[in-house]
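These protein sequence lines map, in sequence, to chains H and L. Reading the first sequence from the start, the letters are residues 0 to 279 in numbering that gives the first Met the number 0. Reading the second sequence from the start, the letters are residues 0 to 279 in numbering that gives the first Met the number 0. Beta carbons are placed, not taken as given, at the ideal position from N, Cα and C, and that holds for glycine. Quick caveat: nothing in here was measured; it's all calculated off a predicted structure.
Number of protein chains: 2
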Amino acid sequence: MMCQAMSVSPVTTRQLERYVSLIERALSRTLSPVKGSPPHLEEAMRYCVIGGGKRFRPLLCVGASEAVGGSPRQALSAACAIELIHTYSLVHDDLPAMDNADERRGRASCHRKFGQAMAILVGDALLTRAFELLSRNGVPNAMQIMRAIGEASGTAGLVGGQVLDLQCGMGNVECGMKQLEETARRKTGALITASVVAGGLAGRASSTALTRLRQFGQRLGLAFQLRDDVHDGDGLVKAVGRNAVERRVQTLIDQAQQTIAPLGQRAWALRELADWLATN
Amino acid sequence: MMCQAMSVSPVTTRQLERYVSLIERALSRTLSPVKGSPPHLEEAMRYCVIGGGKRFRPLLCVGASEAVGGSPRQALSAACAIELIHTYSLVHDDLPAMDNADERRGRASCHRKFGQAMAILVGDALLTRAFELLSRNGVPNAMQIMRAIGEASGTAGLVGGQVLDLQCGMGNVECGMKQLEETARRKTGALITASVVAGGLAGRASSTALTRLRQFGQRLGLAFQLRDDVHDGDGLVKAVGRNAVERRVQTLIDQAQQTIAPLGQRAWALRELADWLATN
Chain H
0 MMCQAMSVSP VTTRQLERYV SLIERALSRT LSPVKGSPPH LEEAMRYCVI
50 GGGKRFRPLL CVGASEAVGG SPRQALSAAC AIELIHTYSL VHDDLPAMDN
100 ADERRGRASC HRKFGQAMAI LVGDALLTRA FELLSRNGVP NAMQIMRAIG
150 EASGTAGLVG GQVLDLQCGM GNVECGMKQL EETARRKTGA LITASVVAGG
200 LAGRASSTAL TRLRQFGQRL GLAFQLRDDV HDGDGLVKAV GRNAVERRVQ
250 TLIDQAQQTI APLGQRAWAL RELADWLATN
Chain L
0 MMCQAMSVSP VTTRQLERYV SLIERALSRT LSPVKGSPPH LEEAMRYCVI
50 GGGKRFRPLL CVGASEAVGG SPRQALSAAC AIELIHTYSL VHDDLPAMDN
100 ADERRGRASC HRKFGQAMAI LVGDALLTRA FELLSRNGVP NAMQIMRAIG
150 EASGTAGLVG GQVLDLQCGM GNVECGMKQL EETARRKTGA LITASVVAGG
200 LAGRASSTAL TRLRQFGQRL GLAFQLRDDV HDGDGLVKAV GRNAVERRVQ
250 TLIDQAQQTI APLGQRAWAL RELADWLATN
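1) Quick check on DSSP: helix, strand or coil for Arg280/L?
2) Assign Arg203/L to one of three DSSP states: helix, strand, or coil.
3) Could you tell me whether any non-hydrogen atom of the ligand SAM is closer than 7 Å to the CB of Val162/L?
4) Report, in whole angstroms, the separation of the C-beta atoms of Arg103/L and Leu89/L, which I expect to be a contact under 8 Å.
5) I'd like the ranges of any alpha helix (DSSP H) spanning at least 4 consecutive residues and lying wholly in the region 54 to 98 of chain L.
6) So which of Leu190/L, Gln143/L, Leu225/L and Ala255/L has the shortest CA-CA distance to Arg211/L?
7) To the nearest angstrom, how far is it from the Cα of Val61/H to the Cα of Ser31/L?
8) From the DSSP output, in three-state form, read off Ala260/L for me.
9) Using a Cβ cut-off of 8 Å (strictly closer), state whether Ser152/H contacts chain L.
10) Along the region 78 to 110 of chain H, where does the CB come closer than 7 Å to a CB of chain L? Name the residues.
11) Tell me whether Arg246/H is buried or exposed, calling it buried when 16 or more other Cβ atoms sit within 10 Å of its Cβ.
12) Short of 8 Å Cβ to Cβ, which residues in the region 34 to 64 of chain H face chain L?
13) For Ala266/H, I'd like the list of residues in its chain whose CB is within less than 7 Å of its CB, leaving aside the five on either flank, ordered along the chain.
14) I'd like to check one pair, Gly220/H with Thr187/H: are the Cβ atoms closer than 8 Å?
15) Taking the DSSP output, what are the residues bridged to Glu102/H?
16) I need the DSSP call for Lys112/H, collapsed to helix, strand or coil.
17) I believe Asn56/H touches His85/H by the beta-carbon criterion, under 8 Å. Please report the beta-carbon distance rounded to the nearest angstrom.
18) Below 8 Å, can you find three or more Cβ-Cβ pairs linking the region 230 to 243 of chain L to the region 192 to 202 of chain L?
19) Can you have a look at Glu16/H and say buried or exposed, based on whether 16 or more other CB atoms are within 10 angstroms of its CB?
20) So which of Leu165/H, Phe113/H, Leu94/H and Leu190/H has the shortest CA-CA distance to Leu179/H?
21) Counting only C-beta atoms, is Val244/H closer than 8 Å to chain L at any point?
22) Which of the three DSSP states is assigned to Pro37/H in this structure?
23) Suppose only complete runs of 4+ residues qualify. What are the alpha helix (DSSP H) ranges in the region 211 to 255 of chain H, listed by chain order?
24) Check the Cβ of Ser134/H against every Cβ in chain L and list those closer than 7 Å, keeping chain order.
25) Determine, using beta carbons only, whether Ile22/L comes closer than 8 Å to chain H.
26) Which two residues bound the contiguous alpha helix (DSSP H) that contains Arg146/L?
27) Throw me the rounded Cβ distance for the Arg226/H and Leu163/H pair, which I believe falls under 8 Å.
28) What separation, rounded to the nearest whole angstrom, lies between the Cα atoms of Arg128/L and Gly149/H?
29) Looking at C-alpha atoms only, which residue of Ala43/L, Ile144/L and Met142/L is the closest neighbour of Cys109/L?
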């Protein structure tokens, strides 16, 4: 995971920060106590979601809505659902049976703080809450959004990527560059792409605009994962070296920017987020 | 869990069995290999779902659709989604950090067969697949069904019930009869109620019929859990004795039957399922 604070050019920082606080408030509402929920569970869910993370995915989601002429607000449910899914995957990934991570986002991981059983259930609850959220009234194109997010989170996306990762870790499978890229594409790329697509759907994008957004998401998603590898010295970096990977990241980001050029000024947030990735 | 084979009166056995095979075929289709999914993950998901379980919840679901004038088929996606959610909860519940169960449905539990990490991911994948399934075209009242299932599976339902159960197990909380009933109502009752309600929604029930179905589900769900306690000697049985619990189960089932009496002959499957519970 990338842990840097977000640094963007001064002009638009304020605007992106406004989006961040819009997202933080929406997440907080989403995780406000539900009648009949055990308080200890609600507390643990909030611990994992609130006050951590750079909100890259939900920012892409609200940015994509605006890029196609929608409002950031109408993409907020989708944005929150995606952040809950991203967080659930981190909580389960950190478990002793998986990555066995003691820390996450600069503090104790969920199972270190609340115990393993609770961490399993917190992940389950976050995933369920994500889909509950999307099933409420008022989400434009809700079914299509749900399908895009479901596919990106499922066996051909996020969960499938985790399984491939596991198999690499255990040495059961030949893990060449192809396998590493495939793992990255699913574990990280699929949900980043879905963030952009879901935002576009919430903003009622035309099919042409949606195709552009999807391609932007795919390129950005791969760049994101490769940049992660550069920070960790993992994956492709070991195979082809840091400089080669850096060049590839820059090319992917340039191509991503070109993809959304026809969307004009309204795509400013997507552009800022791609710029941020280029310089962090 | 109840493990008896299903025994119903001869006349309708054939009809319920036809439903069971309808459900089995639908589950098998739902879990047929998805393009891009790791085969090992797909295999583990099938191992957990196919060829086990009495399909009580999906039977209630298709039966409820027929009870309000719909076809069993139009409730099949909801029925499968519910069975996937039920199964995911068993897979996670069996994990060493939770109940640490070596066996499930007469064979090795998921983590004993595939390892803990895989079992965590299999549960995640089944839960995600359930919502993916509901987001596909052709499910009548899909959003309402999703909301009903989401709420029943979330923090105020299934997952919340697991947390209460955990707290009882760890002795952190005073676990009197009220807490035990509350835990049962959420852990088991909520999803059984949602099975009946989702079937009704898929069958396009009127709001009056839906209210009847909900009440039927609530009574049956509590009876189901109490009967479970009788088999295990758990919960209320310890507090008030086997005979008292048995009388309560019979009363609940009688009341459930009365609730759906106005639905007439079309509710035959629901009646059979309640009868089955009364004699098993």
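In short, the structure shows the following:
1) Residue 280/L cannot be examined here, being either before or after the span of chain L that is shown, 0 to 279.
2) coil
3) Looking at this structure, you won't find the ligand SAM or any other ligand, since it has none at all.
4) 6 Å
5) 55 to 66 and 75 to 92
6) Ala255/L
7) 35 Å
8) helix
9) yes
10) His91, Leu94, Ala96 and Met97
11) exposed
12) Lys34, Gly35, Ser36, Pro37, His39, Leu40, Glu41 and Met44
13) Ala66 and Ile259
14) yes
15) Ala107/H
16) helix
17) The sequence as given places Arg at residue 56/H; Asn does not occur at that position. 6 Å between Cβ atoms; contact.
18) no
19) exposed
20) Leu165/H
21) no
22) coil
23) 235 to 239
24) Met142, Met145, Arg146 and Gly149
25) no
26) Ala141 to Ser152
27) Not quite, the Cβ-Cβ distance comes to about 20 Å (not below 8 Å), so this is no contact.
28) 7 Å
29) Ala43/L
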